[in-house]
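Colleague: Protein chains in written order, with the numbering used here: chain A, 1 to 117; chain B, 118 to 227.
Glycine included, every Cβ here is placed at the ideal spot set by N, Cα and C.
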């Protein structure tokens, strides 16, 4: 299957700082990338969908000015959590579609665990 | 939107068979996925069903009935490493953006 990487895998930051998370499709061109957030013992919650070269589509309740998404190329999307607060602490996972899968399959990155102190 | 329901937790014995059910309500159904997620890791793909019937892949099988809005994941010859959360995800509303269920935490004990 296709490979998606995320960086960093974990980050600890102070309240009020901004954190950038990168998501890369390593061996295929991803026409669409998805950003999810997962709290402990909860399911994946879709935050936004981004297509290369266009503005991201945010899910209801997700603040686009707080969670900045940039999808500058077919292999890279970034999520920036601006002015992070402790309630933003979560597991952030990206996925990419448009690759080698036969079923519009999404390939998930390994996730980034964000802890805001 | 899509409503997806699956049991919160199940336990089973090593070597046994377990069936994890998923029911959903959606219009514009475009497919159903099952993913496995170990704690602290990202989900990994297990199966995809878009037509009715059973798809078998090694120890794992997945079944779909579109008319009933029902799917199940069948795990045979359970191993301790199968202890994980199993996520049911549906493409609905005519889109290819999945909606995930809350996941079923499977605990396999000796």
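Whose C-beta lies closer than 6 Å to the C-beta of residue 70 of chain A among residues of the same chain, with five residues either side of it excluded?
Modeller: Mapped onto the first chain, residue 70 of chain A falls at position 70. Here the set comprises 78.
Colleague: Whole angstroms is fine: what's the gap from residue 121 of chain A's alpha carbon to residue 147 of chain B's?
Modeller: Given a span of 1 to 117 for chain A in the structure shown, any question on residue 121 of chain A remains unanswerable.
Colleague: Under the assumption that residue 109 of chain A contacts residue 23 of chain A (Cβ atoms under 8 Å), give the Cβ distance between them as a whole number of angstroms.
Modeller: Position 109 of the first chain, counted from the first residue, corresponds to residue 109 of chain A. Position 23 of the first chain, counted from the first residue, corresponds to residue 23 of chain A. The pair is a contact, with the Cβ atoms about 5 Å apart (cut-off 8 Å).
Colleague: For the region 210-224 of chain B, which residues have a CB atom closer than 9 Å to at least one CB atom of chain A, in sequence order?
Modeller: Those would be 213, 214, 215, 216, 217, 218, 219, 220 and 222, in chain order.
Colleague: At 7 Å on the CB atoms, spell out the chain A contacts of residue 124 of chain B, in chain order.
Modeller: In the second chain, counting from the first residue as 1, residue 124 of chain B sits at position 7. What residue 124 of chain B touches in chain A: nothing, since even the nearest Cβ is about 13 Å away.
Colleague: Could you tell me the alpha carbon to alpha carbon distance between residue 197 of chain B and residue 53 of chain A, rounded to whole angstroms?
Modeller: Here the question's residue 197 of chain B lines up with position 80 in the second chain. Here the question's residue 53 of chain A lines up with position 53 in the first chain. Computed Cα separation, rounded: 44 Å.
Colleague: Select from the region 163-191 of chain B all residues with a C-beta closer than 7 Å to any C-beta belonging to chain A, and list them in chain order.
Modeller: Residues passing the 7 Å Cβ filter: 165.
Colleague: What does residue 110 of chain A reach in chain B if we use C-beta pairs closer than 8 Å?
Modeller: One-based indexing of the first chain puts residue 110 of chain A at position 110. Here the neighbours are 158 and 159.
Colleague: Cα-Cα, which of B:133, B:120, B:157 and B:137 is closest to residue 127 of chain B?
Modeller: Within the second chain, numbered from 1, the residue matching residue 127 of chain B stands at position 10. That would be B:137, whose Cα lies nearest to the Cα of residue 127 of chain B.
Colleague: Does any residue of chain B bring its CB to less than 8 Å from the CB of residue 49 of chain A?
Modeller: Counted from its first residue, the first chain places residue 49 of chain A at position 49. It does; some Cβ of chain B falls within 8 Å.
Colleague: I need the straight-line Cα distance from residue 179 of chain B to residue 83 of chain A, nearest angstrom please.
Modeller: Your numbering for residue 179 of chain B matches position 62 in the second chain. Your numbering for residue 83 of chain A matches position 83 in the first chain. Distance between the alpha carbons of residue 179 of chain B and residue 83 of chain A: 43 Å.
Colleague: Can you check which of these residues, B:206, B:219, B:221 and B:220, is closest to residue 143 of chain B by C-alpha distance?
Modeller: On the second chain, residue 143 of chain B is found 26 positions in, with the first residue counted as 1. Checking every option, the nearest Cα to that of residue 143 of chain B belongs to B:206.
Colleague: Output the boundary residues of the beta strand (DSSP E) element that contains residue 131 of chain B.
Modeller: Residue mapping note: residue 131 of chain B aligns to position 14 of the second chain, counting from 1. Note, residue 131 of chain B: premise wrong, no beta strand (DSSP E); not H, not E.
Colleague: In angstroms, rounded to a whole number, what distance separates the CA positions of residue 42 of chain A and residue 20 of chain A?
Modeller: In the first chain, residue 42 of chain A corresponds to position 42, counting from 1. In the first chain, residue 20 of chain A corresponds to position 20, counting from 1. When rounded, the distance between both Cα atoms is 23 Å.
Colleague: For a test of the three-state rule: what should DSSP assign to residue 14 of chain A, helix, strand or coil?
Modeller: Counting from 1 along the first chain, the entry for residue 14 of chain A is found at position 14. Note: residue 14 of chain A maps to coil in three-state DSSP.
Colleague: Output the distance between the C-alpha atoms of residue 195 of chain B and residue 187 of chain B, rounded to the nearest integer angstrom.
Modeller: Indexing the second chain from 1 puts residue 195 of chain B at position 78. Indexing the second chain from 1 puts residue 187 of chain B at position 70. Approximately 23 Å, taken between the alpha carbons.
Colleague: Shorter than 8 Å from the beta carbon of residue 105 of chain A to some beta carbon of chain B?
Modeller: Position 105 of the first chain, counted from the start, is the residue given in the question as residue 105 of chain A. Judged by the 8 Å Cβ criterion, residue 105 of chain A is in contact with chain B.
Colleague: Sorted by chain position, which residues of the same chain lie with C-beta nearer than 6 Å to residue 222 of chain B's C-beta, five sequence neighbours on each side aside?
Modeller: In the second chain, residue 222 of chain B corresponds to position 105, counting from 1. Within the same chain, residue 222 of chain B has close Cβ partners 126 and 202.
Colleague: DSSP three-state call for residue 88 of chain A: helix, strand or coil?
Modeller: Within the first chain, residue 88 of chain A is the residue found at index 88, counting from 1. Helix.
Colleague: Does any C-beta atom of chain B lie closer than 8 Å to the C-beta of residue 44 of chain A?
Modeller: Here residue 44 of chain A is taken as the residue at index 44 of the first chain, counted from 1. True, the Cβ-Cβ gap to chain B drops below 8 Å.
Colleague: On a Cα-Cα basis, can you pick out the residue from A:30, A:10, A:18 and A:9 that is closest to residue 2 of chain A?
Modeller: Taking the first residue of the first chain as 1, we reach residue 2 of chain A at position 2. Among A:30, A:10, A:18 and A:9, the Cα nearest to that of residue 2 of chain A belongs to A:30.
Colleague: Can you tell me whether residue 48 of chain A is buried or exposed? The criterion is at least 16 other CB atoms within 10 Å of its CB, across all chains shown.
Modeller: Locating residue 48 of chain A in the first chain gives position 48, where the first residue counts as 1. Answer is buried; the Cβ neighbour count reaches 16.
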